[in-house]
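Trainee: In this text, residue positions in the sequence shown follow the UniProt record's numbering: the first is 9, and each later residue adds one.
Built from N, CA and C at the ideal position, the CB exists for glycine as well.
A quick note: this is a predicted structure, and the numbers were derived from the prediction, not measured.
Structure incoming, see below.
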Amino acid sequence: KQYVVAILGATGAVGTRMIQQLEQSTIPVKEVHLLASYRSAGKTLYFKGEPVTVEEAKPESFDGVDLVLSSAGGSVSAKLLPEAVKRGAVCVDNTSYFRMNDDVPLVVPEVNEDALEGHNGIIANPNCSTIQMVVALEPVRQKFGLKRIIVSTYQAAGGAGQSAINELKREAQEYLDGKSMNAEILPVKGAKKHYPLAFNLLPQIDVFEDDGYTHEEWKMIHETKKIMLGDKNSPDIKVTATCVRVPVPVGHGESVWFEVGDGNTPTPDELRAAMADFPGLVVQDDPATQLYPQPQTAEGSRDTFVGRIRPDLETKGAYNSWVVSDNLLKGAAWNAVQIAECLVRRDLVRVPEGGAAKFN
Ligand code: A2P
């Protein structure tokens with residue numbers, strides 16, 4: 009069987025990479041539809057060297073489509089994906105809109121591919137920072153147990169879209185030219201205040217919740233539990249997070265402290281061995297040769313990289329580590345296309361009876 013695939017948000021930072029990851033995937037593609045806002049309608053993009061005209065996304069755009077890869081923002085997904093499912097298209101959604109919906113699996117294939125069984129037509133791609141953290145820690149959880157995670161993130165501008173990368177570069181030039189930097193997007197589009205990211209650090213990603221955490225931090229807590237334990241509120245792994253935007257275009261870093269199961273005290277070498285055996289995870293950890301993961305060396309790769317693994321010197325069974333991945337690939341476009349590959353392999357590219365009703 010060959011599939012008709014639509015990419016929603018095809019002109020964006022993630023969408024353009026979805027095109028590229030789909031070109032390189034094992035999915036037999038009969039036809040692609042590239043969808044974006046009215047602003048991009050008529051523009052030409054390429055799929056496997058062939059020109060494809062971008063269309064404005066509308067409900068009818070999904071007639072005859074088998075599979076949708078979507079990354080055009082939460083409000084666009086909220087409006088259009090139920091329409092796509094109604095028309096029989098299975099959607100892999102990169103936005104946060106459906107992630108906590110109990111009728112929607114939240115999937116990182118290396119960790120919980122089986123959650124795809126019984127989907128209702130929409131599968132959610134997790135938050136970029138959550139994906140790379142669970143890839144690094146799932147082998148630890150499987151082998152030694154996992155009780156607690158304390159994570160601080162160093163997140164690239166690209167997580168906020170292509171326009172945020174453009175803003176960072178413009179601000180950097182303004183700074184070097186001795187001009188005042190003009191911030192219009194970060195930390196959050198539509199917020200009351202904007203601050204420059206160039207030569208700066210912004211401890212705000214997404215909006216603030218009433219409890220003082222940002223929504224990005226909230227996502228890391230609850231998505232981790234839903235992916236690893238199948239329950240977004242499980243008390244079995246305790247997670248706390250601080251999310252920071254750093255002046256890097258692409259590639260998120262994370263300082264991850266974790267505590268393994270009671271009574272276990274694996275050596276760093278045992279942790280590295282378990283991690284090295286895990287699919288999609290590469291250990292780069294050799295202080296003697298200054299080998300450790302960096303955004304610049306991770307960019308363009310589908311893998312997640314882990315290093316700086318060392319025991320907490322004062323807490324038995326606890327460790328520090330450093331995790332890096334290309335947030336636009338494993339954190340977004342590749343994980344979505346990888347989910348689509350799994351759906352094809354498991355013959356799950358169809359909306360089950362009653363599926364569409366869950367989203368209307
Ligand atoms: P467009 O380029 O026409 O604005 P990014 O994450 O890099 O900011 O990209 C967002 C993507 O979502 C772009 O492809 C953008 O298209 C698309 N998009 C934004 N608003 C809409 C909308 N209302 N309908 C469809 N696509 C949209």
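With distance defined between alpha-carbon atoms, name the residue in G288, T297, D320 nearest to A306.
Mentor: Minimum Cα distance to A306 is reached at G288.
Trainee: In the DSSP output, which residue or residues are listed as bridge partners for residue 370?
Mentor: This structure gives no information on residue 370, because the portion of the chain shown stretches from 9 to 368.
Trainee: Since L237 contacts I245 with CB under 8 angstroms, what's their CB separation in whole angstroms?
Mentor: Indeed they touch by this definition, with Cβ atoms about 6 angstroms apart.
Trainee: Sorry if obvious, but does the Cβ on R178 come closer than 8 angstroms to a heavy atom of ligand 1?
Mentor: Flag unset: Cβ of R178 not near ligand 1.
Trainee: Mind checking if F266 is an interface residue toward chain B, Cβ cutoff 9 angstroms exclusive?
Mentor: The structure shown contains no chain B; it holds only a single protein chain.
Trainee: Given a cut-off of 9 angstroms, decide if A340 and L30 are closer than it, judged by their beta-carbon atoms.
Mentor: No, Cβ-Cβ distance for L30 and A340 is not below 9 angstroms.
Trainee: For ligand 1, is there any heavy atom lying closer than 8 angstroms to the beta carbon of E224?
Mentor: No, the Cβ of E224 stays beyond 8 angstroms of every heavy atom of ligand 1.
Trainee: How many Å lie between K9 and P257 at the Cα?
Mentor: Rounded to whole angstroms, K9 to P257 spans 39 angstroms at the Cα level.
Trainee: Going by beta carbon distance, what residues of the same chain come within less than 6 angstroms of E182, once the five residues before and after it are set aside?
Mentor: Answer for E182: M189, listed in chain order.
Trainee: Using the three-state DSSP reduction, which class does N328 fall into: helix, strand or coil?
Mentor: Three-state DSSP puts N328 in a strand.
Trainee: Taking only three categories from DSSP, how would you classify T273?
Mentor: Here T273 sits in coil by DSSP.
Trainee: Tell me whether N241 is buried or exposed, calling it buried when 16 or more other Cβ atoms sit within 10 Å of its Cβ.
Mentor: Result: exposed.
Trainee: What do you get for A14, buried or exposed, if any count of 16 or more other CB atoms within 10 angstroms of its CB means buried?
Mentor: A14 comes out buried.
Trainee: What are the partner residues of L77, as DSSP defines its beta bridges?
Mentor: DSSP lists I15, V100 as partners of L77.
Trainee: Sort V359, K234, Q212 by Cα distance to M108 and report the nearest one.
Mentor: Taking only the C-alpha atoms, the option nearest M108 is K234.
Trainee: In whole angstroms, what is the alpha-carbon distance linking A172 and R95?
Mentor: Whole-angstrom Cα-Cα distance: 34 angstroms.
Trainee: Could you tell me the distance, in whole angstroms, from the CA atom of P211 to the CA atom of D219?
Mentor: Their backbone Cα atoms lie some 15 angstroms apart in a straight line.
Trainee: Who pairs with T222 in a beta bridge, going by DSSP?
Mentor: According to DSSP, T222 bridges with F216.
Trainee: By DSSP, does F367 sit in helix, in strand, or in coil?
Mentor: If DSSP states are grouped into helix, strand and coil, F367 belongs with the helices.
Trainee: Just to confirm the assignment: which complete alpha helix (DSSP H) runs, minimum length 4, are found wholly within the segment 286-314?
Mentor: Qualifying alpha helix (DSSP H) stretches, in chain order: 303-306.
Trainee: Classify Q181 as helix, strand or coil using the three-state DSSP reduction.
Mentor: If DSSP states are grouped into helix, strand and coil, Q181 belongs with the helices.
Trainee: Closest to T161 by CA distance: which of V332, Y11, W342, G315 is it?
Mentor: It is V332 whose Cα lies nearest to the Cα of T161.
Trainee: Roughly how many angstroms separate the alpha carbons of G259 and E118, rounded to a whole number?
Mentor: If I take the Cα positions, the gap works out to 20 angstroms.
Trainee: Among all the DSSP beta bridges, which residues are the ones paired with S160?
Mentor: For S160, which the question treats as bridged, DSSP gives the partners T250, S263.
Trainee: Give me, in chain order, the residues of the same chain whose beta-carbon lies closer than 8 angstroms to that of A191; leave out the 5 immediate sequence neighbours on both sides.
Mentor: Contacts found: E175, E179, H202, Y203, P204, L205.
Trainee: Classify A249: buried if its beta carbon has 16 or more other beta carbons within 10 angstroms, exposed otherwise.
Mentor: Classification for A249: buried.
Trainee: Which residue or residues does DSSP assign as beta-bridge partners of Y54?
Mentor: Y54 is bridged to P59.
Trainee: Tell me whether A44 counts as near ligand 1, meaning its Cβ is closer than 8 angstroms to at least one heavy atom of that ligand.
Mentor: Yes.
Trainee: Would V115 and I131 be called neighbours here (beta carbons separated by less than 9 angstroms)?
Mentor: Yes, these two residues count as a Cβ contact at 9 angstroms.
Trainee: Expressed to the nearest angstrom, what Euclidean distance is found between the alpha-carbon atoms of A199 and E224?
Mentor: Distance between the alpha carbons of A199 and E224 is about 15 angstroms.
Trainee: Is DSSP giving V196 helix, strand or coil here?
Mentor: Here V196 sits in coil by DSSP.
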